[in-house]
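The structure under discussion appears below in the form of structure tokens.
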Amino acid sequence: MRPTLIWLLTVILASARLSAAGVTLELTNGSKLVGTIIKEENGKIHFRADLVGDVVIDAAAITRRSGTEALAGPPPSIAPPPVPVVPATAAAPVTPKAHGEKVMWKRSLSISGSFNSASYEQGTIPGWPATLPARTGAQAGLQGKQSTMQVTGTLVRMTPHNAFTLQGTYGHARFEPAGTVMNNHSAEGTYTQVFAPKWYWLTRATYKVDKISLIDHAFEQVLGVGHKVIDNKGTTLDLIPGISLVNDRKGTRWDDEWVTSVGVLENFEHPFSPTVSLQQRFKYRVGVNDSEVWAITAHLGLVSQITTHTSFNVGITYTNDNTLGPLPATLARSFVRIGLPPAVVDQLRPGNQERWMLTSGLGFNW
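Start counting the sequence shown at 6; every next residue gets the next number (this note's numbering).
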């Protein structure tokens, strides 16, 4: 019921807003970009391109602007190229034709983390009674150092009609005396292809490993149809319904089986100012053959641009995987052997993982 309510609220938000046309920029290299002009300063234009995101373009590289949001004023004057002088006996030079669409690249690196020094010494405790088993702070469970780190790298290749995004993430956290409490990595590839104004195809493949959550592997393939519901002065809302195939191994009855699901992706961005913007994402999927197999991922964050290539990011992410299922037989027997009652082992649901994560850090774009 809760996932359905969240999905309905998303649809209501989309229906309550009106979309608007963007701006088309034609560059000297022959390529065209469609999107929204965020600001223009120091000979640079900060542009939010459809399918790709924010890019910075030299004003001198723009030959023509069109659209309802184009900034006032004529385009920059560009001197015509000199006419080549051709001898009467020589053949005129042939201008080569462009092959394919012009390509643009975007790269970013985001680093976040935290560190807390030890509240208590982890070594030998002076004066500790010899009759007690715990002789060190770690053995007594006293809090030591705490450190977390998450690194995300993104590479984008785009043309006026399609875009490919490759993203990799690594996260690690260690809390004394417990030890490592987070150790995961993931890779994700996304391809989008425009087939009509404000409509595009989306395909996404994701692979994840989480050693602490006992996820040996989790693979998901998504295919959807995206619609840009809102595109007005930097504010964008995309809704992408679709289907997905999931194959994972995390201690449930569906280990190594392909599970078909339907769901929706939603992306929303809103600039509060030329340098501060809100970013919100939501993903929900539910199994076709079993409605108890569902998962939610939601993110809400702020991005503050410090310089042209540096930003400060803060956000909170919520995940909930309701893939219910008993422990694998081999793991269940091992718990029984160490003394857990069978009735308790039967209630264990390792796939039901709910997590909140607050992160902050720096982002670098070039």
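Quick reminder that beta carbons are idealized off the backbone N, C-alpha and C, glycines included.
Counting the other Cβ atoms within 10 Å of the Cβ of Ser266 gives 16 or more, which makes it buried. Contact check between the segment 195-207 and the segment 215-223: fewer than three CB pairs, one atom from each, fall below 8 Å, which does not count as touching. By the C-beta density criterion, Glu359 is exposed, having fewer than 16 other C-beta atoms within 10 angstroms. A straight line joining the alpha-carbon of Gly239 with that of Lys233 spans about 12 Å.
Here Ser249 is buried. Its C-beta has 16 or more other C-beta atoms within 10 Å. The Cβ-Cβ distance between Ser115 and Ser152 does not fall below 8 Å.
Secondary structure of Ala123 (DSSP, three-state): coil. CA-CA distance, Thr33 to Thr328, rounds to 52 Å.
According to DSSP, His190 shares a beta bridge with Tyr175, Val214. Between Thr280 and the set Trp263, Trp259, Thr313, Asp260, the nearest pair of CA atoms involves Thr313. For the pair of segments examined, the segment 206-222 was found to touch the segment 180-192: the number of CB pairs separated by less than 8 Å reaches three. Scanning its chain for C-beta atoms nearer than 6 Å, with the 5 sequence neighbours on each side dropped, one finds around Gly173 the residues Gly158, Ala192, in chain order. A residue is called buried once 16 or more other Cβ atoms fall within 10 Å of its Cβ, and Ala135, having fewer, is exposed.
Rounded to the nearest angstrom, the gap between the Cα atoms of Gly48 and Gly256 is 56 Å.
When the Cα atoms are used, Gly268 and Gly247 turn out to be separated by approximately 6 Å. Under DSSP, Trp206 takes part in a beta bridge, and its partners are Gln198, Val230. The C-alpha of Glu126 lies about 52 Å from the C-alpha of Phe52.
Ser278 and Leu242 have their C-alpha atoms some 18 Å from each other.
Listed in chain order, the non-local C-beta contacts of Gly320 below 8 Å within the same chain comprise Gln284, His304, Leu305, Gly306, Leu307, Leu363, Thr364, Ser365, local neighbours out to five positions each way being set aside.
Residue pairing of Pro246 in beta bridges, as defined by DSSP: Val269. Across the set Ala123, Ala65, Gly128, the C-alpha of Ala123 shows the shortest separation from the C-alpha of Arg179.
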